[in-house]
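Asker: Sharing a structure with you now.
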Amino acid sequence: MSAAPPGVAGPATRDGSRGRAVTILFTIAALLLALDLLTKHLALVNLEGREPVRVLGGLVWFSLVRNSGAAWGLGSDYTWVFPLITLGVVGWIVWMARTLRSLPWALSLGLVLGGALGNLADRIFRAPGVFVGHVVDMVSVLEPYGRTFPVFNLADSALFCGVVLAVGLELTGRRREGGRVGSGADSPVDDPAGQKETA
507 MSAAPPGVAG
517 PATRDGSRGR
527 AVTILFTIAA
537 LLLALDLLTK
547 HLALVNLEGR
557 EPVRVLGGLV
567 WFSLVRNSGA
577 AWGLGSDYTW
587 VFPLITLGVV
597 GWIVWMARTL
607 RSLPWALSLG
617 LVLGGALGNL
627 ADRIFRAPGV
637 FVGHVVDMVS
647 VLEPYGRTFP
657 VFNLADSALF
667 CGVVLAVGLE
677 LTGRRREGGR
687 VGSGADSPVD
697 DPAGQKETA
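According to this note's numbering, numbering within the sequence shown proceeds without interruption in unit steps and concludes at 705.
Dropping the structure here:
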């Protein structure tokens with residue numbers, strides 16, 4: 507069989523890079539979900555009914571908060587809307603995974619998916635009920651109970667980092683299918699192996 511032209515990935519390489527990207531995406535999401543559930547469990551066990559815990563000289567406080575809304579409790583009267591939005595985001599990420607070959611994009615989407623699933627689990631399974639559950643938050647910056655900055659959790663941090671990374675990838679022209687905008691549709695810059703000849 508003829509080799510692929512220089513700079514063009516062959517079918518086997520494309521399938522391999524897609525498999526790696528999808529594996530990274532869902533592995534990161536699964537690990538984040540597990541860690542988020544663990545940290546929330548530890549917060550409930552160790553902070554329930556107790557005074558906030560001061561660390562790093564007051565730079566960070568651990569204080570348990572059950573949040574029915576978004577940051578600073580915004581939208582607390584419309585708790586049911588947040589899981590619907592989250593389900594839409596999860597569905598979009600799963601759909602995007604069909605053509606995903608970029609490893610940086612896999613990291614970004616894995617962070618967003620893991621964070622989204624962590625808070626979605628709270629909305630579905632925690633009190634006061636299905637789709638209106640309150641999210642468990644426990645990290646406060648500078649002051650306890652989010653008086654300076656919203657109280658957050660690991661899922662929130664993952665979502666923030668994933669979105670910031672996604673914006674950076676978009677601004678630098680990175681494509682989810684691999685390559686860069688303007689460098690040709692078949693230029694897999696995220697997969698150097700794609701430039702090798704395939705049998």
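Note that CB positions come from ideal geometry on N, CA and C, so glycine has one too.
If residue 671 and residue 606 are in contact, beta carbons under 8 Å, what's the gap, nearest whole angstrom?
Answerer: As a position in the sequence shown, residue 671 is number 165, starting the count at 1. As a position in the sequence shown, residue 606 is number 100, starting the count at 1. Contact doesn't hold; Cβ gap of about 14 Å is too wide.
Asker: Kindly provide the ranges of any beta strand (DSSP E) runs that are 3 or more residues long and lie completely inside the region 531 to 600, ordered along the chain.
Answerer: Fully enclosed beta strand (DSSP E) runs of 3 or longer: 559 to 561 and 566 to 573.
Asker: With respect to the beta strand (DSSP E) encompassing residue 645, which residues constitute its N-terminal and C-terminal limits?
Answerer: In the sequence shown, residue 645 corresponds to position 139, counting from 1. Residue 645 -> beta strand (DSSP E) spans 641 to 647.
Asker: Quick one: is residue 569 buried, meaning 16 or more other Cβ sit within 10 Å of its Cβ, or exposed?
Answerer: One-based indexing of the sequence shown puts residue 569 at position 63. Buried, by the Cβ-count rule.
Asker: When the distance is taken between beta carbons, is residue 589 closer than 9 Å to residue 629?
Answerer: Translated into positions along the sequence shown, residue 629 becomes position 123. Translated into positions along the sequence shown, residue 589 becomes position 83. Yes, Cβ-Cβ distance for residue 629 and residue 589 is below 9 Å.
Asker: When the Cβ atoms of the region 580 to 600 are set against those of the region 619 to 626, are three or more pairs found closer than 8 Å?
Answerer: Result yes; three or more Cβ-Cβ pairs closer than 8 Å.
Asker: If I measure Cβ to Cβ from residue 654 and keep anything under 7 Å in the same chain, skipping five residues before and after, which residues do I get?
Answerer: By one-based count along the sequence shown, residue 654 stands at place 148. So the qualifying residues of the chain are 647 and 648.
Asker: Does DSSP put residue 525 in a helix, a strand or coil?
Answerer: If you number the sequence shown from 1, residue 525 lands on position 19. Here residue 525 sits in helix by DSSP.
Asker: Identify which residue in 645, 562, 637 and 604 has its Cα closest to the Cα of residue 662.
Answerer: Mapped onto the sequence shown, residue 662 falls at position 156. Comparing Cα positions, the closest option is 645.
Asker: Assuming the contact rule is C-beta atoms closer than 8 Å, residue 567 and residue 556 should be a hit. Round their C-beta distance to whole Å, please.
Answerer: On the sequence shown, position 61 is the one that residue 567 refers to. On the sequence shown, position 50 is the one that residue 556 refers to. The pair is not a contact, with the Cβ atoms about 12 Å apart (cut-off 8 Å).
Asker: For residue 659, does the count of other Cβ atoms within 10 angstroms reach 16, so buried, or fall short, so exposed?
Answerer: By 1-based counting over the sequence shown, the position of residue 659 is 153. Counting Cβ neighbours within 10 Å, residue 659 comes out buried, since at least 16 surround it.
Asker: For residue 538 and residue 524, what's the separation of their Cα atoms in angstroms?
Answerer: Translated into positions along the sequence shown, residue 538 becomes position 32. Translated into positions along the sequence shown, residue 524 becomes position 18. When rounded, the distance between both Cα atoms is 21 Å.
Asker: For my contact list, residue 615 and residue 591 are in at a C-beta cut-off of 8 Å; report their separation, rounded to the angstrom.
Answerer: Taking the first residue of the sequence shown as 1, we reach residue 615 at position 109. Taking the first residue of the sequence shown as 1, we reach residue 591 at position 85. At roughly 16 Å, the Cβ-Cβ gap does not stay under 8 Å, so residue 615 and residue 591 are not in contact.
Asker: Which of helix, strand or coil does DSSP assign to residue 637?
Answerer: As a first step, residue 637 is located in the sequence shown; it is residue number 131 there, counting from the start. Here residue 637 sits in coil by DSSP.
Asker: Are the CB atoms of residue 683 and residue 608 nearer to each other than 9 Å?
Answerer: Indexing the sequence shown from 1 puts residue 683 at position 177. Indexing the sequence shown from 1 puts residue 608 at position 102. Yes, the pair counts as a contact, with Cβ atoms nearer than the cut-off.
Asker: Is residue 631 helix, strand or coil by DSSP?
Answerer: Looking up residue 631 in the sequence shown gives position 125. Reduced to three states, the DSSP call for residue 631 is helix.
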